[in-house]
Amino acid sequence: MNESMGDRRVVILVLDGLGVGVMPDHPPEDAGANTLRHVDQAEGPLKLPNLAALGFGNLTDVDGVPPEPSPSAAYGRCALRHPGADTYMGHQELMGGGLDNVRLLLLADVLDEVVAALTQAGHRCEPLTPGLSPLVVDGCVLVADNIEARPRLNINVTASQDDISFDDLTRIGEIVRATVPVPRVIVVGGRGFDIDAIRAHVKERASGQIGVDTPALGVYDEHYQVRHLGVDFAVDQQLPSRARQAGYDVVLLGKAADVVRCEGAVAENIVRTEDVLARVVGHLDAMAGGLIVANVQETDLAGHEQDVERYARTLRTVDELLPDLLDRLRPGDALFITGDHGNDPAVGHSQHTREYTPAIAYGPGVSPVPLGVRATLADIGATAGEILGVPALRSGTSFLKEIWCS
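Under our numbering, read the sequence shown as residues 14 to 419, first letter to last.
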């Protein structure tokens, strides 16, 4: 590399919930999952020419995204090291954080502690149903297991903003977060429903999870608000913090603004795919050097809704807007495209799926070589860190020597 440290720019584009084939250690309900293939089969041919040119069709058998004999990017797949298939932990893994302080628990395992903490803070708590774990707080907020993810990963704090402000809802979530060591407490707000509607959409899984069927409740619309409150994943040793410590600008866009932590970063939590890609380009134009982490969330929302058509439409939107980003990459820059887990809308359930994710690396100095299967998403973060010249992350192995040709 001949560019000075301050001139280097890295973009990590996360297509949330985009899997490219089930992992060997998948749970039984994920058998046969392949998000990209199944979206293509149901709504195809997808015809994603720009993603195909980068090598997407070389990752799995997809009729509408044919293999490229001479792809323009380095291409491979990443295995998930974190347990299950989780957005928050997936991003901590991708950013090179540690996964050694995670405890997997149901709300029932810590219910007494949660009730005690909320009561001490002046909140009124009562069971939704006597003998079961879901907890109604102040008559309008439900604390319960997250049933969209694998068991014991997350606890949700859900309410209508017709009944409570999102700030007040978040404060309740923060009390729960400080009380339980699960990977993530998710604060979920919407409009157009009340506690009775929430109650009507509570379901119990065979795994023991009891929580709200959020897609069926209709939360994922224009009124949807969310905060992801996580445990400490060695944030100071993750890629964004390392980049800030080295003097770089750091921008977090889309869902990344919520699930990735970095003091001093510019954070814009936006959902619409067109807006996410437009802000990537805008920040890249204004950035002398630095890191952009952007999450396209609408793919994941479509997976939860089991809406194959919306999933396909979102991928086509990304493909159509991608050239505007690629054209702005200059010598020394790199673009990585990946996912954080799978979310196959055609597998038969609305949860994330434990799949490999894409590992695409593109830039003027990147050699288009096969990367095989990387052991962890953290390898992408580690490679981005080496491009920026920052100290080693908490986890991950850089593959820069395999791809860099200038």
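Backbone N, C-alpha and C fix where the C-beta goes; we use that ideal spot for every residue, glycine too.
No experiment lies behind these values; they were computed from the predicted model shown.
- Exposed is the label assigned to S220, since fewer than 16 other Cβ atoms lie within 10 Å of its Cβ.
- When the Cα atoms are used, V379 and D99 turn out to be separated by approximately 30 Å.
- Of the candidates G30, E56 and D175, the residue whose Cα lies closest to the Cα of E322 is E56.
- Taken in chain order, the complete alpha helix (DSSP H) segments of 4 residues or longer contained in the region 22-66 are 48-56.
- The straight-line gap separating the alpha-carbon atoms of D29 and A372 is approximately 13 Å.
- In the three-state reduction of the DSSP assignment, V284 falls in the coil class, being assigned neither a helical nor a strand state.
- Within the DSSP bridge table, the entry for P371 names R90 as partners.
- For the pair P377 and G345, the Cα-to-Cα distance works out to about 7 Å.
- Contact annotation: G302 and G109 have beta-carbon atoms that are not nearer than 8 Å.
- Beyond the five residues adjoining it in sequence on each side, L334 comes within less than 6 Å, by CB distance, of L290 in the same chain, given in chain order.
- In this structure V232 touches V201 by the C-beta definition: roughly 6 Å separates them, less than 8 Å.
- Taking one beta carbon from each stretch, the region 83-102 and the region 395-405 have fewer than 3 pairs nearer than 8 Å; the two do not touch.
- Assignment of beta-bridge partners to C138 by DSSP yields V150.
- Under a 10 Å Cβ-count criterion, S146 is classified as buried, with 16 or more other Cβ atoms of the shown protein chains found around its own Cβ.
- Between V156 and I199, the CB-CB gap reaches or exceeds 8 Å.
- Of all alpha-carbon atoms in V248, A307 and C275, the one lying nearest the alpha-carbon of I283 is that of A307.
- Between the alpha carbons of P80 and G68 lies a distance of about 7 Å.
- Relative to the Cα of P383, the nearest Cα in the group G352, W417 and H354 belongs to W417.
- Annotation for L182: V154, V170, A172, Q174, V200 and G202 place their beta carbon closer than 8 Å to its own, counting only its chain and skipping 5 residues before and after.
- By the Cβ test, the region 241-255 is in contact with the region 265-277, since at least three Cβ pairs between them sit closer than 8 Å.
- In the structure shown, A172 falls within a strand segment according to DSSP collapsed to helix, strand and coil.
- Here A307 is bridged, per DSSP, to L26 and L266.
- Listed in chain order, the beta strand (DSSP E) elements of length 3 or more contained wholly in the region 222-262 are 223-225 and 238-243.
- Counted as a single uninterrupted DSSP element, the alpha helix (DSSP H) harbouring P336 occupies residues V321 to L339.
- For V200, the enclosing beta strand (DSSP E) stretches over residues R197 to G203.
- The straight-line gap separating the alpha-carbon atoms of L339 and Q251 is approximately 25 Å.
- With respect to A374, A86 sits close: the two C-beta atoms are nearer than 8 Å.
- Under the DSSP assignment, I177 falls outside any beta strand (DSSP E); it carries neither an H nor an E label.
- If you check the CB distance, G295 and A46 do not come in under 8 Å.
- The DSSP-derived three-state label of F69 is helix.
- Contact between I305 and V248 fails: their C-beta atoms lie close to 18 Å from each other, not under 8 Å.
- For R165, same chain residues with a beta-carbon under 6 Å away, outside a window of 5 residues either side, are L117, L118 and L119 in chain order.
- Taking every protein chain shown into account, the CB of T48 has 16 or more other CB atoms within 10 angstroms, so this residue is buried.
- Of the residues assessed, Q222 falls on the buried side of the cut-off, its CB having 16 or more other CB atoms within 10 angstroms.
- In this structure, the alpha-carbon of T351 lies about 42 Å from that of E139.
- For P84, same chain residues with a beta-carbon under 8 Å away, outside a window of 5 residues either side, are A66, L67, G68, N71 and P381 in chain order.
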